[in-house]
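In our numbering, the protein residues as written are 2 to 251.
We put the CB at the ideal spot given by N, CA and C, even for glycine.
Predicted model, so just to flag it, every value in this text is computed and none were measured.
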């Protein structure tokens, strides 16, 4: 069964959750939906009818978290990975990077976040109020991958200076403002800037299993439901600490 990027289903569970990772590896073509669905076997793919072409559930589910990050972002254990922002998304990224065996660099604003960064597993902390992040990364030897989880695009041009040759800056947090970046910074070092929204349902399940196995845990800031507007204002002003969760009857 072939499904879209966010699709889900019960038949051939791993394949129906895998979204774009499956591509053409599933035998058959699907027409119709639900009980009226029909499958036409594609003989040239090989394998038994009703089965995928030599790919079992255990093959899809056995990919480790580290290899998944390598597949998506091009980084492997032992590489230096930097995370900009230690908020709701960034504090998880720091934990995942450290748990996957990367030399993790956390980049935040304010010296008071250093202890938190180290607690989350970062080996280095760069305070943007005291250091220019790109220059600080260069002093460490550069980063092969920088994940920008902050909502501001202002520091991105500086961060590119901290990439190693062929390094990648991946943006997962943004504010909608344009990116001002001299192209020479990319061309001369064969560097790249990409965006990343989310993974497939299989990626999500894999990440959760990895989190359970390695102790990665989210931190949240609970707010009574009655204070929803104040919570929204705090979030929009950039003053939220981690994820804000509304709790009824708190």
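For residue i, report the span of its beta strand (DSSP E) as first-last.
i           : result
residue 169 : 164-172
residue 128 : 125-128
residue 195 : 193-196
residue 225 : 221-225
residue 229 : Segment 229-237 is the alpha helix (DSSP H) holding residue 229; no beta strand (DSSP E) there.
residue 148 : 144-149
Please look up how many angstroms separate the CB atoms of residue i and residue j, rounded, as I've assumed it's under 8 Å.
i           : j           : result
residue 85  : residue 183 : Contact doesn't hold; Cβ gap of about 19 Å is too wide.
residue 193 : residue 210 : Not confirmed; about 30 Å, so no contact.
residue 158 : residue 181 : 6 Å
residue 143 : residue 163 : 6 Å
residue 80  : residue 103 : 6 Å
residue 78  : residue 101 : 6 Å
Let me know if residue i comes out buried or exposed under the rule of 16 or more other beta-carbons within 10 Å of its beta-carbon.
i           : result
residue 112 : exposed
residue 229 : exposed
residue 41  : With a pLDDT of 49 at residue 41, under the threshold of 50, the predicted position of this residue should be treated as unreliable, and no value is reported.
residue 32  : Residue placement at residue 32 cannot be trusted, given a pLDDT of 48 that sits under 50; what the coordinates show is reported in the next sentence. With fewer than 16 other Cβ atoms within 10 Å, it is exposed.
residue 218 : exposed
residue 146 : buried
residue 177 : exposed
residue 188 : exposed
residue 213 : exposed
residue 122 : buried
residue 226 : exposed
The ligand NAP and residue i: does any heavy atom of the ligand fall closer than 7 Å to the residue's C-beta?
i          : result
residue 85 : This structure lacks the ligand NAP; in fact it carries no ligand of any kind.
Need the endpoints of the alpha helix (DSSP H) that residue i sits in, please.
i           : result
residue 135 : 134-141
residue 208 : 202-215
residue 115 : 115-121
residue 159 : 157-161
residue 187 : 184-188
Going straight from the alpha carbon of residue i to that of residue j, what length do you get?
i           : j           : result
residue 238 : residue 109 : 16 Å
residue 233 : residue 90  : 17 Å
residue 245 : residue 215 : 24 Å
residue 202 : residue 131 : 40 Å
residue 221 : residue 136 : 32 Å
residue 199 : residue 140 : 31 Å
residue 196 : residue 94  : 15 Å
residue 126 : residue 241 : 20 Å
residue 138 : residue 231 : 37 Å
residue 55  : residue 118 : Legend: pLDDT at residue 55 = 33, less than 50; position of this residue unreliable, value from coordinates given subsequently. Taking the straight line joining both Cα atoms gives about 44 Å.
residue 154 : residue 175 : 6 Å
residue 172 : residue 224 : 28 Å
residue 166 : residue 186 : 10 Å
residue 124 : residue 247 : 33 Å
residue 88  : residue 99  : 16 Å
residue 96  : residue 160 : 21 Å
residue 105 : residue 204 : 22 Å
residue 115 : residue 207 : 29 Å
residue 83  : residue 235 : 26 Å
Continuous beta strand (DSSP E) assignments of at least 3 residues falling wholly in the stretch 72-101: Complete beta strand (DSSP E) runs here, min 3: 81-85.
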